[in-house]
Structures are given as structure tokens and as C-alpha cells.
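Visitor:
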Amino acid sequence: MPCNVVVLISGSGSNLQALIDNQSDSNPARIGAVISNRADAYGLQRAHAAGIPTQVLSHRDFADREAFDAALIEAIDAHQPDLVVLAGFMRILTPGFVRHYQGRLLNIHPSLLPRHKGLDTHNRALAAGDAEHGCSVHFVTEELDGGPVAIQAAIPIHPGENVEKLTERVHLEEHRIYPLAVRWFAEGRLRLGEHGAMLDGEKLPASGHLIRT
Ligand code: GRF
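If you number the sequence shown the way the numbering used here does, the last residue is 203 and the count never jumps.
1) Ends of the beta strand (DSSP E) at Leu96?
2) Going by the CB atoms, is the gap between Ile10 and Ala40 shorter than 8 Å?
3) Pop quiz: Ala144 and Leu180 are said to be a contact at Cβ under 8 Å. What is the actual Cβ separation, rounded to whole angstroms?
4) I'd like the ranges of any beta strand (DSSP E) spanning at least 3 consecutive residues and lying wholly in the stretch 13 to 53.
5) Provide the residue span of the beta strand (DSSP E) that contains Asn(-6), from first to last.
6) Any idea what DSSP makes of Glu192, helix, strand or coil?
7) Should Ala29 be listed as close to the ligand GRF, given that the test is whether its C-beta is under 7 Å from any heavy atom?
8) Give me the Cα-Cα distance between Glu132 and Asp59, rounded to the nearest whole angstrom.
9) I'd like to confirm something about Ala144: is its beta-carbon nearer than 7 Å to some heavy atom of the ligand GRF, or not?
10) Here's the rule: buried if 16 or more other CB atoms are within 10 angstroms of the residue's CB, otherwise exposed. What is Thr203?
11) Given 7 Å as the limit, tell me if Asn5 has its C-beta closer than that to any heavy atom belonging to the ligand GTP.
12) Ile82 and Gly33: beta carbons closer than 8 Å?
13) Name the DSSP bridge partner or partners of Val172?
14) How would you call Pro18, buried or exposed, if buried means at least 16 neighbouring beta carbons within 10 angstroms?
15) Rounded to a whole number of angstroms, what is the C-alpha to C-alpha distance between Ala31 and Leu116?
16) Would you mind stating whether Ala8 and Val24 have Cβ atoms separated by less than 8 Å?
17) Any idea what DSSP makes of Gly108, helix, strand or coil?
18) Can Cys125 and Pro149 be called in contact, C-beta distance under 8 Å?
19) Can you name the residues that DSSP bridges to Leu180?
20) Examine the ligand GRF and report whether any of its heavy atoms sits within less than 7 Å of the Cβ of Ile98.
21) Just verifying my parser: in three-state terms, what is the DSSP assignment at Leu156?
22) Within the continuous alpha helix (DSSP H) that includes Pro85, where are the two ends?
23) Less than 8 Å between the CB atoms is what I'm expecting for Gly22 and Asn(-6), so what's the real figure, rounded?
Okay, here's the thing in C-alpha cells:
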């Protein structure tokens, strides 16, 4: 059974591209639609090139966050998704939205959660003198960047490394772990249990499935 995935973006969509590139006959994840809150998001062109239907829903056209999220739910649910994937979707979601997709909403965050929630994570990891950095795929809950982690990729920070290089290396890891998490979900291996993220019926540790390079 294919797993119908709706991807939400706001920008470049390099993670979307990684998900597109990982579609195959052996992978049950199928991207049914890409929705952006910005008409100029480059990811929309990536979706067009792959023949995936797109829609733009600008938050500026709505009076408040609740009204936008209600319209967003309607747009997403028109595609009857099994999974909703946030791939650089730069909006804070209302509790109602998050609850509606409980257990079928994934996000990728560019840090080793719970370290460096929020923005500017690469500079913060460098400023803190962290020995390692990375990225996390997590189920979305009402706590911002706080939901149970499914997969984490950790890389060492090189001595004297600048933020551009570190950002680039973390991005490469994002492109590995996001398609993997989506595939595991589509295969029924990854689930949100009552007490956290589960892989193959076993509760994952706080770091999720950890890949260290
Ligand atoms: C990524 O760094 C992701 O971790 C964050 O937003 C960025 C999106 O990049 N949530 P892209 O649009 O997928 O290239």
C-alpha cells in the first residue's frame, strides 16, 4: 500500500528534493502534493519538475494564525495524506493544527535536539564550542521543536570550521535522514507511541535512531 505524503515548504526545498530522489518502486512513500506559503519558494519548481501537484497558500491572505491554519488543513486534507512532512516550512503551527495531524506530522530540525531549539542553530553550536552538531527528524507536538525524535545524525565539528561549511555538512545529513524517516514511516516501521517514537515496535531513545559519522 503506498503511503500518501504531503510536503509543506517555504523555501529552497533541498529536503523536498531528497525525498523526491528517494521515491522508487521499493519505497511506499509517494509525494501526492507540495504546498508552500510562499509563491517564490524554489521548491515549487522542484515539485513541478517531478510532476507533483503544487499549491500556494499565503499566510498574508488570512486575518490570523487560526484562519491560516484552518485553510491549510483544508488544503492538505484534500489530498487525504497518511503523512504530512514539514520541509523548511517557516511557520509556527497552532495547537489545533498539530493535534489534527498527531502521529502523522514530521519535521526536520538542524540541530541535535534537545540542544539548540529555534533558529540560527549552526552559529549557536559553534558559539557554544560544541564538539558535535547535526540534525533531527521528529514528530511534531505542541512544544516547538520538542516532539519525540525519530532519527538523529551527528557529525563532529572540525577545528576552526566556519558556519557555511558546517551548514553545508549538516544539510547533507538532513538529506540522508529525512528520506529514511519518511520511508520507515511509510513502511509502518516508525510510529508515535504513547510514550515516544517507536521503531519496529521498540521505543526509541531520546536521540531517536542515532547515526554518527
Ligand atoms: C533545513 O535546514 C531544515 O532543517 C530547516 O529548514 C531548512 C530547509 O532547507 N527546518 P530546504 O528548504 O529543505 O533546503
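Glycine included, C-beta positions come from ideal geometry on N, C-alpha and C. Only a predicted model underlies this, so the values are computations on that prediction, with no experimental measurement involved.
Guide: The short version:
1) Leu95 to His99
2) yes
3) No, Ala144 and Leu180 are not in contact; Cβ-Cβ is about 19 Å, not under 8 Å.
4) 19 to 26 and 44 to 46
5) Cys(-7) to Ile(-1)
6) strand
7) no
8) 14 Å
9) no
10) exposed
11) What this structure holds is the ligand GRF, not the ligand GTP.
12) no
13) BP columns for Val172 are empty, so no partner.
14) buried
15) 28 Å
16) no
17) coil
18) no
19) Leu189
20) yes
21) helix
22) Pro85 to His90
23) 5 Å
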